[in-house]
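A short worksheet on the structure shown next.
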Amino acid sequence: MILDVTEATFQAEVLDRSASLPVVVDFWAAWCGPCRALTPILEDAVTARAGQIVLAKVDTDANPSLSQSFDIRGIPAVKAFRDGTVVDEFTGVLPPAKVGAFLDGLVPSEASLLVAAGGEEDLRRALELEPGNHVAAVSLARIVAGRGDNDEALRLLDSRPGFAAEGLTARLRLDGDPALEGAFDRLDSGDEAGGLDDLIAALALEPAGDRKDEIRKAIVGVLDELGVEHPLARESRRKLAAALF
Numbered sequence: 000m001i002l003d004v005t006e007a008t009f010q011a012e013v014l015d016r017s018a019s020l021p022v023v024v025d026f027w028a029a030w031c032g033p034c035r036a037l038t039p040i041l042e043d044a045v046t047a048r049a050g051q052i053v054l055a056k057v058d059t060d061a062n063p064s065l066s067q068s069f070d071i072r073g074i075p076a077v078k079a080f081r082d083g084t085v086v087d088e089f090t091g092v093l094p095p096a097k098v099g100a101f102l103d104g105l106v107p108s109e110a111s112l113l114v115a116a117g118g119e120e121d122l123r124r125a126l127e128l129e130p131g132n133h134v135a136a137v138s139l140a141r142i143v144a145g146r147g148d149n150d151e152a153l154r155l156l157d158s159r160p161g162f163a164a165e166g167l168t169a170r171l172r173l174d175g176d177p178a179l180e181g182a183f184d185r186l187d188s189g190d191e192a193g194g195l196d197d198l199i200a201a202l203a204l205e206p207a208g209d210r211k212d213e214i215r216k217a218i219v220g221v222l223d224e225l226g227v228e229h230p231l232a233r234e235s236r237r238k239l240a241a242a243l244f
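Okay, here's the thing in structure tokens:
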């Protein structure tokens, strides 16, 4: 979608609309030669991404207050809005490939959309498109581990960085440990508080070594999944520190 926007319509057409779609604003003027060069590049690139991005064109001569509000000092100036805020920008003429890359940075990739869908086939396709997508790998590993295929889950997690991947890997390696079975059962049933307390208690009793480190990683993986600000995660981190030190 390509729109001509004025001071009167900027709020609705750019700021409000950017809550649902990225809006790229092209600040231009009729006398500006570089603007005449950039505008068709922008229009072609936005048209090629139909339904993903809106292009709003602002004539700086006719809308001086908008130019002042956004500190436009040279044109063409391009600003990208998402949720009412400028998230990226550039000034001057860029070649088509760089304009395309600029726009692609504003929209989720196909792999990201597949990860958001979350089904097993979606996640497998996401990994085909982006083998380095660690979120897709961890999510898929959770699914296959849930049906008992720990070997495939470990292959998916192999060498993946991050607390989530390390935590799930540790959990799978500890799977079947009778001393931890009750803790994992509580976690799987939704009793995160009880499961974490059981794991932390087991950690405190465990002598230094590889098994102790695996239990720690499994705990940290659960805390990562809960999120930094979750009250249970904050309390459990305090208990974890006490058990370790």
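What the sequence shown shows, in numbering that gives the first Met the number 0, is residues 0 to 244, in sequence order.
Beta carbons: idealized from backbone N, C-alpha and C, even for Gly.
Since the structure is predicted, the reported quantities are computational estimates derived from the model, not experimental observations.
- In whole angstroms, what separates the C-alpha of Leu173 from that of Thr84? 46 Å
#### Entry: Proximity winner among Gln67, Ser68 and Glu42, relative to Lys56 (alpha-carbon distances)
Glu42
Exercise for review: Identify whether Val221 lies in helix, strand or coil by the three-state DSSP scheme.
Suggested key: helix
key: Beta-carbon gap between Glu88 and Lys97 smaller than 7 Å   = no
Q.
Report the CB separation of Leu1 from Val45 in whole angstroms; it is logged as a contact under 8 Å.
A. The identity of residue 1 in the sequence shown is Ile, whereas the question assumes Leu. 6 Å between Cβ atoms; contact.
| query | If you scan the stretch 68-154 from start to end, which runs of the beta strand (DSSP E) of 3 or more residues do you find wholly inside it? | reply | 76-81 and 84-90
**Message:** Quick check on this structure: which residue in Pro177, Asp196 and Ala178 has the alpha carbon closest to the alpha carbon of Leu186?
**Reply:** Asp196
Say whether the stretch 106-121 touches the stretch 136-153, bearing in mind that this needs 3 or more beta-carbon pairs closer than 8 Å, one atom from each stretch. yes
### Query
Where does Phe26 fall in DSSP's three states?
strand
Would you call the CB atoms of Asp223 and Phe162 closer than 7 Å? yes
Once DSSP output is grouped into helix, strand and coil, what is the label at Leu20? coil
Next item on the list: Name the one or two DSSP bridge partners that Leu54 has.
Entry: Ile1 and Val23
* **Nearest residue (CA-CA) to Leu105, options Val53, Leu37 and Pro94** => Val53
- Are Ala11 and Asp60 close, meaning C-beta to C-beta below 7 Å? no
Own chain, CB closer than 7 Å to Glu165, minus 5 neighbours either side, in chain order:
Lys216 and Gly220
Exercise. Give the secondary structure of Asp43 by DSSP, where H, G and I count as helix, E and B as strand, and everything else as coil.
Key: helix
Among Asp103, Gly194 and Arg35, which residue has its Cα nearest to the Cα of Lys238?
Gly194
Q. By how many angstroms is the C-alpha of Pro206 removed from the C-alpha of Leu113?
A. 43 Å
ask   = Cα separation between Gly50 and Pro177?
value = 54 Å
By DSSP, does Phe162 sit in helix, in strand, or in coil? helix
_Boundaries of the alpha helix (DSSP H) in which Ser188 is found, first to last residue_ = First-last for Ser188: undefined, no H or E at that position.
If you draw a straight line from the C-alpha of Gln67 to the C-alpha of Asp3, how long is it? 18 Å
Counting only the same chain and skipping the five closest in sequence on each side, list residues whose C-beta sits under 7 Å from that of Ala36.
-> Val92
Using the beta-carbon count (16 or more within 10 Å), is Ala232 buried or exposed?
buried
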